[in-house]
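Note sheet for the following structure.
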Amino acid sequence: MRLRVFARLFALAWLLGASALSAQPAPEPLRPEVAKPLQAAQEAIRAGQGAQALARVREAEAVPQPNAQERYLILRLRAPAAALAGEHSQAVADFEAVLASDRLPAAERPALWQVLLQTAQRANDPAAVVRVVRAQQVEGAREPRLWLALAQAQATLKNDAGVVQALQGLVADDEAASRPTAEAPLKLLAATQLRQVDAAGYATTLEHLLRHHPQPAYWADRLARLRAAPGFPPRLLLDTWRLARQAGALLDADDAAELLRLAVQAGLPGEALAVLDEAQSRGLLSASSAEVARRPALQRALAQDQAGLAGSEADARRAPDGQALFSLGQAMVSMGQTEPGLQRMAEGLARGGLRQPDEARLRLAVARWQAGHAEAARSEWRALAAGPAGPVADLARLWGLLAAR
């Protein structure tokens, strides 16, 4: 495929060269002793005979005291002739010289840039590729293929900073055009940021992957890094595992066991039983596992909580703040009493006095989303994500990514 593409570009190069002798009238005359070998070179290019074309061009070069137009036309024909002959370094230099000439018609520049870039790549000259792409971008070219060519060249040069800069440019342009970035360049960007020990950049790239190419492994990686971030509060661990569960990122028995442990620790046997059911149905936990052996105890705890709901609500309503009422609502949701539970969560939040109100808002939004109130959940997540930076804002943003799938 690459050879066919390159052959087509050589044909384009020939057309550019072939048009040179029939271009608009030049300010200087083309002498016969120069014109004749150049015309022969043009015919050889037409026939795909690179070495013969190059030999004819060099005959024209040997004519003494060439004028400016003759020098320009020699370059115009020597560039594609050298490329066809396999002298790629010469071709790169000549194409660059043609592009630097004020005699090149503006309409021909985009096509000639494309030929030059392909020639530099064919020459295995990454430094030339970098130079050519940057020159095109100075002229306003923004095609994704240019950023990709630049990134590949910088990777060949072992310039990780250059790779990151190129791929971040690609992502920025894609976002401005409301265009998803392909998975391969995002994975290259992420791998390069890992080598640079750029944790923040890597996390951002993972979120681009989650937005455009969501996979359980990406979710697991992003959430693991969130948990490991300096200052991450242990009280939010359960929230990260809830998100992992919804994203299909409970990958093994250890993941399922951790979510189960945290749900039990939070006093939510209904949620713990739901996790246990899912883990067994997915084959993450065997019937002989210690977690499955806890099922009878969890069922007893759930029955006890259900029997005490009326008393718990009375106590919560006598409390001076909304913390107990919010927690009661969360427990009711986990028992399957979704709408009454949501009402009590919202009432508790409105009453105030919660120890971590933003965390409560996050959990209420999650419960609403799971109950099918998607727009209310998204609105809350957007507000939290736009608030103070921190793990709650991160979780809200990630829930928003999941909900947008």
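Counted the way mature numbering (1 follows the signal peptide of the UniProt record, and there is no 0) counts, the sequence shown spans residues -23 to -1, 1 to 382.
All C-beta atoms, glycine included, are put in the ideal place defined by N, C-alpha and C.
- Message: So, at 8 Å on beta carbons, what are the nonlocal neighbours of D229 in its own chain, with the 5 sequence-adjacent residues on each side left out?
- Response: Numbered from 1 along the sequence shown, position 252 holds the residue referred to as residue 229. Once the five neighbours on either side are set aside, the close Cβ partners of D229 are L261.
Mind reading off the beta-carbon distance from S289 to L245? Whole number of angstroms is fine, and I expect it under 8 Å. Taking the sequence shown and counting its residues from 1, the one referred to as residue 289 is at position 312. Taking the sequence shown and counting its residues from 1, the one referred to as residue 245 is at position 268. Going by Cβ atoms, the distance from S289 to L245 rounds to 13 Å, so no, they are not a contact pair.
**Asked** Can you tell me where the alpha helix (DSSP H) with S311 in it begins and where it stops?
**Response** Position 334 of the sequence shown holds residue 311. It spans Q300 to M312 - the alpha helix (DSSP H) in which S311 sits, taken as one unbroken run.
(message) Please state the DSSP three-state secondary structure of L61.
(response) As a working mapping, residue 61 is identified with position 84 in the sequence shown. Helix at L61.
Among A58, V40, Q16 and R8, nearest to Q26 - alpha-carbon criterion
If you number the sequence shown from 1, residue 26 lands on position 49. Nearest option by C-alpha distance: A58.
To the nearest angstrom, how far is the alpha carbon of R382 from that of P334? The count along the sequence shown starts at 1 and reaches residue 382 at position 405. The count along the sequence shown starts at 1 and reaches residue 334 at position 357. C-alpha separation (whole angstroms): 27 Å.
Whole-angstrom C-beta distance between V34 and L15, which should lie under 8 Å: As a working note, residue 15 is residue 38 in the sequence shown. As a working note, residue 34 is residue 57 in the sequence shown. Correct: roughly 7 Å between the Cβ atoms.
Under the three-state DSSP convention, the category D371 falls into: Here the question's residue 371 lines up with position 394 in the sequence shown. In this structure, D371 counts as helix in the three-state DSSP scheme.
Q.
Taking the beta carbon of G306 as the centre, do at least 16 other beta carbons fall within 10 Å, making it buried, or is it exposed?
A. One-based indexing of the sequence shown puts residue 306 at position 329. When all chains shown are included, G306 counts as buried.
Worksheet item: Which residues bound the alpha helix (DSSP H) around V40?
Response: Residue numbering aside, residue 40 sits at position 63 when the sequence shown is read from its first letter. Run containing V40: none; DSSP gives neither H nor E here.
Exposure of S263, with buried meaning 16 or more beta-carbon neighbours within 10 Å: Along the sequence shown, one-based indexing puts residue 263 at 286. It counts as exposed.
Between the C-alpha atoms of V269 and L214, what's the straight-line distance to the nearest angstrom? In the sequence shown, residue 269 corresponds to position 292, counting from 1. In the sequence shown, residue 214 corresponds to position 237, counting from 1. If you take the alpha carbons of V269 and L214, they lie about 22 Å apart.
| CA nearest to the CA of V69, picked from V109, Y195, E316 and Y179 | Position 92 of the sequence shown, counting from 1, holds the residue named residue 69. That would be V109, whose Cα lies nearest to the Cα of V69.
By Cβ distance, which residues of its chain are closer than 6 Å to P317, with the 5 residues on each side in sequence left out?
-> For the purposes of this step, residue 317 is taken as residue 340 along the sequence shown, with counting starting at 1. Excluding positions up to five away in sequence, the list reads M309.
- Query: How would you call P103, buried or exposed, if buried means at least 16 neighbouring beta carbons within 10 angstroms?
  - Reply: For the purposes of this step, residue 103 is identified with residue 126 of the sequence shown, where counting begins at 1. Looking at its Cβ environment, which holds 16 or more other Cβ atoms inside 10 Å, P103 is buried.
Exposed or buried, what is R321 when buried is set at 16 or more other beta-carbons lying within 10 Å of its beta-carbon? The count along the sequence shown starts at 1 and reaches residue 321 at position 344. Buried, by the Cβ-count rule.
Unbroken alpha helix (DSSP H) run spanning E290, endpoints
Translated into positions along the sequence shown, residue 290 becomes position 313. Where E290 is concerned, the enclosing alpha helix (DSSP H) stretches over L286 to R295.
Exercise for review: Would you mind working out which of L279, A149 and T181 sits nearest R119, comparing C-alpha positions?
Suggested key: Position 142 of the sequence shown, counted from the start, is the residue given in the question as residue 119. When only C-alpha atoms are compared, the closest one is A149.
Identify which residue in Q113, Q98, R99 and S78 has its Cα closest to the Cα of P87. For this step, residue 87 is matched to residue 110 along the sequence shown. Nearest of Q113, Q98, R99 and S78 to P87, Cα basis: Q113.
| Rounded to the nearest angstrom, how far is the Cβ of P210 from that of P368, given a contact under 8 Å? | As a first step, residue 210 must be located in the sequence shown, where it is residue number 233. As a first step, residue 368 must be located in the sequence shown, where it is residue number 391. That pair is a contact at about 7 Å.
L339 and L326 - do their beta-carbons sit closer together than 8 Å? Here residue 326 is taken as the residue at index 349 of the sequence shown, counted from 1. Here residue 339 is taken as the residue at index 362 of the sequence shown, counted from 1. Contact: no.
- Item | Cβ-based neighbour list, A337, same chain, cut-off 6 Å, excluding 5 preceding and 5 following | As a first step, residue 337 must be located in the sequence shown, where it is residue number 360. Around A337: F303, L326 and L331.
Same chain only: Cβ atoms within 7 Å of A243, ignoring 5 sequence neighbours per side: For this step, residue 243 is matched to residue 266 along the sequence shown. The residues are L215.
To the nearest angstrom, report how far apart A18 and P4 are at their CA atoms.
Taking the first residue of the sequence shown as position 1, residue 18 is located at position 41. Taking the first residue of the sequence shown as position 1, residue 4 is located at position 27. A18 and P4: Cα-Cα distance of roughly 22 Å.
*What separation, rounded to the nearest whole angstrom, lies between the Cα atoms of L125 and L76?*
The residue labelled residue 125 in the question sits at position 148 within the sequence shown. The residue labelled residue 76 in the question sits at position 99 within the sequence shown. Going by the C-alpha atoms only, they are around 22 Å apart.
Considering only residues of the same chain and omitting the five flanking positions on each side of E36, which have a CB-CB separation below 7 Å?
-> Taking the sequence shown and counting its residues from 1, the one referred to as residue 36 is at position 59. P14.
Just to confirm, are L319 and A348 a CB contact at a threshold of 8 Å?
Here residue 319 refers to the residue found at position 342 when the sequence shown is read from its first residue. Here residue 348 refers to the residue found at position 371 when the sequence shown is read from its first residue. Yes, these two residues count as a Cβ contact at 8 Å.
* Do the CB positions of L134 and L166 come within less than 8 Å of each other? -> Start at 1 with the first residue of the sequence shown, and residue 134 comes out as number 157. Start at 1 with the first residue of the sequence shown, and residue 166 comes out as number 189. Against a cut-off of 8 Å, the Cβ pair of L166 and L134 comes out as no contact.
- prompt: Going by beta carbon distance, what residues of the same chain come within less than 6 Å of A301, once the five residues before and after it are set aside?
  reply: Taking the first residue of the sequence shown as position 1, residue 301 is located at position 324. Excluding sequence neighbours, A301 sits near A293.
Close beta carbons around R374, own chain, < 6 Å, minus the five adjacent residues each side: Looking up residue 374 in the sequence shown gives position 397. These residues qualify, in order along the chain: A362.
Margin query: Please state whether the Cβ-Cβ distance between E324 and G299 is less than 8 Å.
Written below: On the sequence shown, residue 324 is found 347 positions in, with the first residue counted as 1. On the sequence shown, residue 299 is found 322 positions in, with the first residue counted as 1. Contact flag set, yes.
Have a look at E152, V11, Q29 and L93 and flag the residue whose alpha-carbon is nearest the alpha-carbon of Q46. Walking along the sequence shown from the start, residue 46 turns up at place 69. Here the closest residue by C-alpha is V11.
* To do: Would you identify the three-state DSSP class for R219, choosing helix, strand or coil?
  => By one-based count along the sequence shown, residue 219 stands at place 242. Here R219 sits in helix by DSSP.
Q) Taking C-alpha atoms, which residue in A233, E248 and A278 lies nearest to S266? A) Stepping through the sequence shown from its first residue, residue 266 is reached at position 289. Ranking the options by Cα distance to S266, first place goes to A233.
- Task: Could you round the C-beta distance between L93 and E73 to whole angstroms and report it? I think they count as a contact, below 8 Å.
- Result: As a first step, residue 93 is located in the sequence shown; it is residue number 116 there, counting from the start. As a first step, residue 73 is located in the sequence shown; it is residue number 96 there, counting from the start. That pair is a contact at about 7 Å.
Q: Please go through the same chain and pick out, in chain order, the residues whose beta-carbon is closer than 7 Å to the beta-carbon of Q170, but skip the five residues on each side of it.
A: Walking along the sequence shown from the start, residue 170 turns up at place 193. The answer, listed in chain order, is V141, G178, Y179 and T182.
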